[in-house]
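The sequence shown begins at 75 in my numbering and counts up by one.
Since the structure comes first, as structure tokens, the remarks are kept for the end.
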Amino acid sequence: MSNDVINKAEDKMKKAVSFAGDDFNTLRTGRASAKMLDGIEASYYGTMTPINQIAGVSVPEPSQILIKPYDASALKDIEKAINASDLNLTPSNDGQVIRLNIPALNEERRKDLIKQLHGKSEEHKIAIRNVRRDANEHLKQEQKNSVITEDDLKREQEKIQKLTDKYIQEIDKLTSVKEKELKEI
């Protein structure tokens with residue numbers, strides 16, 4: 075019974091780390107990345123749709139993103155969505171494609187992005203700690219219902235703590251990799 079609790083907790087922690095990696099990829103660095111557009115949705119025939127589902131997104135050079143809509147009528151809506159996003163990029167529309175030129179980051183913007191990164195990192199660590207708390211509460215309930223002994227409870231809580239430490243360390247690694255990327259000039 076308690077192995078199920080640990081397996082479920084580990085699965086949730088893995089998903090939290092995976093989500094953290096995806097979340098960190100949306101932060102803009104000085105380099106162009108198609109992932110920067112993840113989470114931005116444009117109105118497509120009245121339905122909010124992710125840009126990467128209504129257009130081909132490519133990176134022809136390190137400082138530019140090229141967006142080619144599958145349907146030319148979506149061009150204006152994609153442009154509006156990018157302008158409304160928090161990317162702070164100005165799209166240039168030539169009637170066929172949208173080009174996003176990624177300017178080099180200045181020092182102030184780098185510091186701001188690193189601050190955002192650390193905030194997101196802490197949010198993801200909190201998610202992992204919440205999984206630990208839920209698992210420990212579940213184990214305490216099992217012990218209270220005499221499903222496991224007090225010794226088993228302590229042993230299982232130690233396993234959960236080791237998992238928590240492991241996955242928080244993975245988030246720290248992802249954070250330091252992204253921070254180095256942000257500091258690159």
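Idealized CB from N, CA, C, for every residue including glycine.
Note that the coordinates shown come from a computational prediction; the quantities given were computed from them, not determined experimentally.
Taking the beta carbon of residue i as the centre, do at least 16 other beta carbons fall within 10 Å, making it buried, or is it exposed?
| i | result |
| --- | --- |
| Phe-98 | buried |
| Glu-232 | exposed |
| Met-87 | buried |
| Ser-195 | buried |
| Ile-200 | exposed |
| Lys-252 | buried |
| Glu-181 | exposed |
| Glu-224 | exposed |
| Tyr-118 | buried |
| Thr-238 | buried |
| Gln-127 | exposed |
| Glu-230 | buried |
| Gln-217 | buried |
If residue i and residue j are in contact, beta carbons under 8 Å, what's the gap, nearest whole angstrom?
| i | j | result |
| --- | --- | --- |
| Ile-176 | Ala-155 | Their Cβ separation, rounded to whole angstroms, is 17 Å, which puts Ile-176 and Ala-155 out of contact at 8 Å. |
| Ile-242 | Ile-188 | Not confirmed; about 19 Å, so no contact. |
| Val-205 | Ala-129 | Val-205 to Ala-129, Cβ: 36 Å. No contact. |
| Leu-227 | Lys-214 | 7 Å |
| Asn-167 | Leu-149 | 6 Å |
| Leu-256 | Arg-184 | 6 Å |
| Leu-248 | Ala-94 | 6 Å |
Residue j and residue i - do their beta-carbons sit closer together than 7 Å?
| i | j | result |
| --- | --- | --- |
| Leu-191 | Leu-111 | no |
| Ala-116 | Asp-151 | yes |
| Ser-159 | Ile-222 | no |
| Val-79 | His-198 | no |
| Glu-153 | Pro-143 | no |
| Ala-209 | Ile-234 | yes |
| Ala-106 | Val-131 | no |
Please list the segments of the beta strand (DSSP E) lying wholly inside the segment 109-142, counting only runs of 3 or more residues, in order along the chain. Complete beta strand (DSSP E) runs here, min 3: 115-118, 121-124, 129-135.
* alpha helix (DSSP H) runs contained entirely in the segment 211-258, provided each spans 4 or more residues -> Runs found: 224-257.
| query | How do the segment 158-177 and the segment 135-142 stand: do at least 3 beta-carbon pairs fall below 8 Å, yes or no? | reply | Contact between the segment 158-177 and the segment 135-142 is present, with at least three C-beta pairs closer than 8 Å.
Notebook entry, point to check: Which parts of the segment 133-200 are runs of the beta strand (DSSP E), unbroken and 3 residues or longer, counting only runs that do not cross its ends?
Noted result: Segments of the beta strand (DSSP E) lying fully in the segment 133-200: 138-143, 165-167, 172-175.
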